[in-house]
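Chains as they are written, first to last, in this note's numbering: chain A, 7 to 431; chain B, 28 to 450.
The C-beta atom is built at its ideal place from N, Cα and C for all residues, glycine as well.
Below is one structure; the comments refer to it alone.
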Amino acid sequence: MVDLIVVGAGLTGLIAAYTAAKMGQQVKIVTKGLGATHWHAGSIDVLGYYPDDAMPVTRPLEMIQDLVRSQPRHPYAILDGTIPDALKNFAALTQEIGLPYAGAANFGDNLWLPSPVGAARPTFLAPDAQLAGDLRRSEPMLIVGLRGMRDFYPALIAENLTKQGQRARAAFLPRDLITDRHDINTVQLAYALDDPARRSKLAAELKKLAQPGERIGLPAILGIDAHAAAMSDLQTQVGATIFEIPTLSPSVPGVRLTNALRNQLRQLGVRVEINAAVIGFHAEGDRVLWIESDASGRPLKHRAGKFLLATGGILGGGIDSDHTGKVWEVVLNLPLAVPRERGQWFRARFFDPAGHPIFRAGVSVNRKFQPIDAQGARVYVNVWAAGNILAHADPILERSLEGIALATGIAAARNASEQSTVSSE
Amino acid sequence: MHTASWHSVGMTLDECIKCNICTTYCPVAAVTDKFPGPKYAGPQAQRFRECGQLKSPDISVDYCCACRVCNEVCPSGVKIAEINARAKAQIVADRGIPLRNWFFGRNEKLGKIGSYAPYLANLGFHNPFSRYMAEKIMGVARHAPIPRWSTEGSFEAWFRRMPRLKSDKKVVYFHGCSTNYYEPQVGKAAVAVLEHLGYEVIVPPQNCCALPMLNNGEFPAAEKLFRSNIAKLLPYADQGYPIVGTSVSCVLVLREEASEMLDIENDQTRRLRSALWDMSEWLRDLLEQDKLDTDFRELKMVLPYHVSCQARAHRMGRPSLDVMSLIPGLDVREGSARCCGLAGTYGYKAEKYDIAMKVGEEAFRFVRAQGDAARIVTSDSEICRWQLEHGTHKFCRAPIEIFAAAYGLYDLDKRRLITEKQK
């Protein structure tokens, strides 16, 4: 029997499983599908807007101190100053796994990176390949797309960047430079660029396009297994600084991060049971003994001494709702902090800068990241929760999704690992 | 066209958030332009297939190999593979079924006919000229690993010929067509293991599980087979006997796929489902209840284990691996290849053979990477075993043959029971 089961394979689940396995725990991940890492830009947002989405944040770690003073139940408040350490640990881990991340040149500042429509996106840590896209740098930008590639339009990006006072121009290259395929998605394009010959063809064309002093922005498809080699080959052969702009899903930077972390987990002996949607559980007293996942014949039991929920919020599927206004936590039916009436879920305006109350719904936890009920009592002695399932934050609005994922995932996994396993037999 | 409601499978369509994770992991879309990927052929195209549309808008769905990797990775629970299977059935309903696919759907009949004179059948079909003609005339890929008829007689004939153990502990065995006509050794190994564990084995009348017909979009005919199996097997389920199968794909169809695709879900299918087990899953259950004899002999070998897509689709963990890990000396290497490519009858089709081989390359590479020490390869599905033998030229054996060998009942090299006479 394993010590700890982590439910969910998004960034929170992966980092939690890694942390616990490093602390000597026998860990297994149980997950319904592949995680939200395939949807996100691969960068680590910590705090982008505060107190509302009209107020961009320059120094997130300092601003968090304001936030925790005014929102004492926010997950960042529970972390009690461990956020910088968590980010430092993550950055060190990315070095180790060959996918290095870094922050702004002026340490502690947010980076401002272009989105796939050319909007400025505040984020704290980004993979090396995205760093040169920082909009506070002065070099003019050449945004290059591949004709026929969906969801990446260099003219749109350049135009939007220009409107924001950036110097940017756009160019298209033919897609058959890097692939013979008709219809192909970002991940498949990235695999094509694992091939050095394809990279050289692309580099030769880029070299013709680039003017001296320009930095070149390309869709984030520059290799997947051979990403580091692809980046250095292209920059050397073109003789210019190149940066990636993340695309719509599937997001290659997210897939790279998933692959690198899962590779680490494999080496640590952590199994990932995929396609295992949890449909039931069994608890005795204040202890969960097993969870059950859906299967073709009979539910599959997963026993463990401890359980850590990293199932996500409403988007991630950790929290579900129906039209009657019922909202529930899908694995252990934990008590939720949620607006009582369906009429209170949303504010009147769709783009209200303060966001919508339903997106702050979730599980309340104590200082050890163990779920608590409305009276503040711990629900189960052997259950922890982390990531977007936690209540009292709106990570999309705040641009704090990955910061919360990493910092709470690490903290919850540490707390769980430190608690001695009591046999559940 | 089958008139079932499109409820359970169709409703999951609404859960699709178009995230493309399925297309990212689809092994077919990765190697060919003919299949645009599960999201496009499935949830996306489905919007144009709803009631009122006369013709199916897009035949690219025919290039889906039905491996269900899309279902596996989907974070939203969309039943993409089933949506695709129903779309194929719609195409068959609109345009009729090609003769070749009609034959593929009737592998039980083919098995039976060939088994009357297996030497003649093998000679007649498995010679280069016949295979060439079959490709030219019917579109049956001439190099594809179509199994040979067993020359030692069918499994059922063997089972009835031999004296059988009588016991209060009884178990029903579902052998499936391939064990009956092509690989009776798998059934013999199963019976040997079950009797070794003290069970009386019952082999009731049974018929094809309908997988080939479901795969080829022949839903009305598939429904007849499914209902017939329910009628034949349910009395045993109702007596409380476990029904175990060594073909992981047959068990999947009987337990879930047929119900889901044909929209037949009732008290009978539920009763049958709760009695049905994959052989390794059932052995693992005995193990968990401390009822499995774990006195295995040492099997000193490296054993690559390709986890077939059908085994993964059960979502029952890795029961074969759990039991094999108890065998001393056995160095099992679990692969992570998505699909062997053959996928039911997919790789037998001339226009899909090359795609199937490209898809299978991932599995072949994994097997080759285990080196020469790995002489034998295992996989839960006969289809995968045939394809892996074809792609790697190594011997493939079912997990039940490995278990039988570990109990000292079976010779893995000669592929026969220890008690069987040398021929």
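{"Item": "Would you be able to state if there are at least three C-beta pairs under 8 Å between the region 288 to 307 of chain B and the region 263 to 272 of chain B?", "Value": "yes"}
{"Item": "What residues in its chain sit with their C-beta under 6 Å from that of B:Gln337, if we drop five residues either side in the sequence?", "Value": "Val275, Ser276, Leu279 and Ser408"}
{"Item": "Do the region 228 to 245 of chain B and the region 428 to 448 of chain B meet, that is, are 3 or more Cβ pairs less than 8 Å apart?", "Value": "no"}
{"Item": "Name the chain B residues that come within less than 8 Å of A:Glu279, Cβ to Cβ?", "Value": "Gly344"}
{"Item": "Can you pull the DSSP bridge partners for A:Ala177?", "Value": "A:Val150"}
{"Item": "With H, G and I counted as helix, E and B as strand and the rest as coil, what does DSSP make of B:Lys45?", "Value": "coil"}
{"Item": "Mind checking B:Arg113: buried by the 16 CB within 10 Å criterion, or exposed?", "Value": "buried"}
{"Item": "Taking A:Ile324 as the reference, which of A:Leu340, A:Gly260, A:Ile222 and A:Gly171 has the closest Cα?", "Value": "What sits at residue 324 of chain A in the sequence shown is Gly, not Ile. When only C-alpha atoms are compared, the closest one is A:Leu340."}
{"Item": "Is there at least one Cβ from chain A nearer than 8 Å to B:Val100's Cβ?", "Value": "yes"}
{"Item": "Sort out for me which residues DSSP pairs A:Gly286 with in a bridge.", "Value": "A:Glu298"}
{"Item": "Go ahead and label A:His80 buried or exposed: buried means 16 or more other beta carbons lie within 10 angstroms of its beta carbon, across all protein chains shown.", "Value": "buried"}
{"Item": "Would A:Arg153 pass as an interface residue toward chain B - the criterion being a Cβ-Cβ separation below 8 Å?", "Value": "no"}
{"Item": "Nearest-angstrom Cα distance between B:Arg57 and B:Val96?", "Value": "Residue identity differs from the one stated: residue 57 of chain B is Ala in this sequence, not Arg. Computed Cα separation, rounded: 12 Å."}
{"Item": "Just tell me which of A:Asp59, A:Met7, A:Ala47 and A:Ala196 has its CA closest to the CA of A:Phe356.", "Value": "A:Asp59"}
{"Item": "Along chain A, which residues have their Cβ under 9 Å away from the Cβ of B:Thr51?", "Value": "Leu40, His44, Asn191, Thr192, Val193, Gln194, Ser255, Pro256 and Val261"}
{"Item": "Could you tell me which of A:Arg187, A:Ser49 and A:Leu208 sits nearest to A:Ala108, measuring between CA atoms?", "Value": "A:Ser49"}
{"Item": "With DSSP as the reference, label A:Ala367 as helix, strand or coil.", "Value": "coil"}
{"Item": "Quick check on the DSSP output: the beta strand (DSSP E) that includes B:Cys423 runs from which residue to which?", "Value": "Phe422 to Arg424"}
{"Item": "Less than 8 Å between CB atoms is the rule here; does A:Leu10 satisfy it with respect to chain B?", "Value": "no"}
{"Item": "CB-CB under 7 Å to A:Gln350, same chain, minus the five flanking residues each way: which ones, in chain order?", "Value": "Pro363"}
{"Item": "Where in the region 98 to 134 of chain B do unbroken runs of the alpha helix (DSSP H), each at least 4 residues long, occur, reported from the N-terminal end onward?", "Value": "107 to 122 and 126 to 132"}
{"Item": "Quick check on B:Phe430: does DSSP put it in helix, strand or coil?", "Value": "helix"}
{"Item": "Using the C-alpha atoms, what's the distance from B:Cys411 back to B:Asp349?", "Value": "20 Å"}
{"Item": "For chain A, is any of its Cβ atoms less than 8 Å away from the one on B:Asp60?", "Value": "yes"}
{"Item": "Does the structure place the region 430 to 444 of chain B close enough to the region 319 to 326 of chain B that three or more beta carbon pairs sit under 8 Å?", "Value": "yes"}
{"Item": "Going by the CB atoms, is the gap between A:Gly415 and A:Ala301 shorter than 8 Å?", "Value": "no"}
{"Item": "Taking the alpha helix (DSSP H) that A:Ile70 falls in, what are its first and last residues?", "Value": "Pro66 to Ser76"}
{"Item": "For B:Ile164, count neighbouring Cβ atoms within 10 angstroms of its own Cβ and tell me buried if that reaches 16, exposed if not.", "Value": "exposed"}
{"Item": "Less than 7 Å between the CB of A:Val13 and some heavy atom of the ligand ZN, yes or no?", "Value": "For the structure depicted, the ligand ZN is absent and the ligand set is empty, with no information on it obtainable."}
{"Item": "Which residue's Cα is closest to the Cα of A:Lys312: A:Arg173, A:Gln376 and A:Arg268?", "Value": "A:Gln376"}
{"Item": "Any Cβ of chain A within less than 8 Å of the Cβ of B:His341?", "Value": "yes"}
{"Item": "Which value, in whole angstroms, describes the spacing of the CA atoms of A:Asp182 and A:Ala209?", "Value": "14 Å"}
{"Item": "Using Cβ-Cβ distances below 7 Å, what residues of the region 313 to 325 of chain A are close to chain B?", "Value": "Gly323"}
{"Item": "Where does B:His29 sit, in a helix, a strand or coil, going by DSSP?", "Value": "With a pLDDT of only 36 at B:His29, under 50, the local geometry of the prediction cannot be trusted, and no value is derived from it."}
{"Item": "I'd like to know if B:Ala57 contacts chain A, where contact means its C-beta is closer than 8 Å to some C-beta of that chain.", "Value": "yes"}
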